[in-house]
Amino acid sequence: MGVLKSIDKVLAAFGNIRAMERLHVDSFTENLITNISGVKIAESLYGQLFVSFQTLADYEFMNVSILSATDIKTYKGCSLTFLTESGETMVMISDTKEIESDYSNVSNRWLTKISFVIEAHEKKFVIDKNFDKVFLKFKKKTLPLTKCD
Numbered sequence: 005m006g007v008l009k010s011i012d013k014v015l016a017a018f019g020n021i022r023a024m025e026r027l028h029v030d031s032f033t034e035n036l037i038t039n040i041s042g043v044k045i046a047e048s049l050y051g052q053l054f055v056s057f058q059t060l061a062d063y064e065f066m067n068v069s070i071l072s073a074t075d076i077k078t079y080k081g082c083s084l085t086f087l088t089e090s091g092e093t094m095v096m097i098s099d100t101k102e103i104e105s106d107y108s109n110v111s112n113r114w115l116t117k118i119s120f121v122i123e124a125h126e127k128k129f130v131i132d133k134n135f136d137k138v139f140l141k142f143k144k145k146t147l148p149l150t151k152c153d
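Just remember that the working numbering sits 4 ahead of the position in the sequence shown, which is counted from 1.
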């Protein structure tokens with residue numbers, strides 16, 4: 005692998021864009037990933053879900069950060085579905101409609117930030133972890149996650 009990396013360095017020195025992209029270390033996105041704000045409430049093989057809460061002008065927001073191997077890009081928003089052990093569901097529609105993930109080539113992961121307007125009972129539901137599974141639905145895809153202890 006050392007030979008290929010040195011070839012990439014030579015090509016990058018001559019101005020090859022693809023070689024420059026392969027050698028580029030994205031420290032900005034990696035710094036965001038290592039300093040994710042909030043508490044991890046769910047995880048699976050597909051990713052991790054972190055939440056934090058914020059109050060702006062008498063509105064309560066739940067800021068969600070998703071760290072996964074999936075690139076999420078949509079202009080129609082997404083939904084977060086919480087499923088309880090008894091089969092009840094609670095669906096939250098994202099306040100953010102334009103969603104785009106940030107890629108880090110250091111950890112080979114995507115970081116996605118989404119905002120939801122929530123009510124007091126929904127906040128209590130999430131904080132108390134009264135759910136068993138969480139599903140992030142966007143476009144025609146679903147990212148399943150389970151509650152972490």
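The beta-carbon is built from N, C-alpha and C at its ideal position, and this holds for glycine as well.
Counted within 10 angstroms of its Cβ, other Cβ atoms place residue i as buried (16 or more) or exposed
i: residue 108; result: buried
i: residue 18; result: exposed
i: residue 60; result: exposed
i: residue 113; result: buried
i: residue 49; result: exposed
i: residue 41; result: exposed
i: residue 72; result: buried
Span separating the alpha-carbon of residue i from that of residue j
i: residue 99; j: residue 148; result: 20 Å
i: residue 56; j: residue 97; result: 16 Å
i: residue 85; j: residue 111; result: 28 Å
i: residue 58; j: residue 64; result: 6 Å
i: residue 92; j: residue 83; result: 16 Å
i: residue 62; j: residue 14; result: 56 Å
i: residue 43; j: residue 66; result: 11 Å
i: residue 47; j: residue 75; result: 16 Å
i: residue 146; j: residue 140; result: 6 Å
Helix, strand or coil at residue i [DSSP, three-state]
i: residue 139; result: strand
i: residue 207; result: Residue 207 lies beyond the range of the chain shown here (5 to 153); nothing can be said about it.
i: residue 77; result: strand
i: residue 103; result: strand
i: residue 118; result: strand
i: residue 90; result: coil
i: residue 44; result: strand
i: residue 56; result: strand
i: residue 7; result: helix
i: residue 68; result: strand
Beta-carbon contacts of residue i that lie in its chain and below 6 Å, excluding the five residues immediately before and after
i: residue 117; result: 69
i: residue 81; result: 98 and 101
i: residue 95; result: 83 and 85
The alpha helix (DSSP H) enclosing residue i, as first and last residue numbers
i: residue 131; result: 124-131
Extent of the continuous beta strand (DSSP E) run through residue i
i: residue 95; result: 93-97
Close beta carbons around residue i, own chain, < 7 Å, minus the five adjacent residues each side
i: residue 78; result: 103, 142 and 143
Contacts around residue i, its chain only, beta-carbon distance under 8 Å, and the 5 residues preceding and following it disregarded
i: residue 45; result: 53, 54, 55, 130, 133, 138, 151 and 152
i: residue 7; result: none
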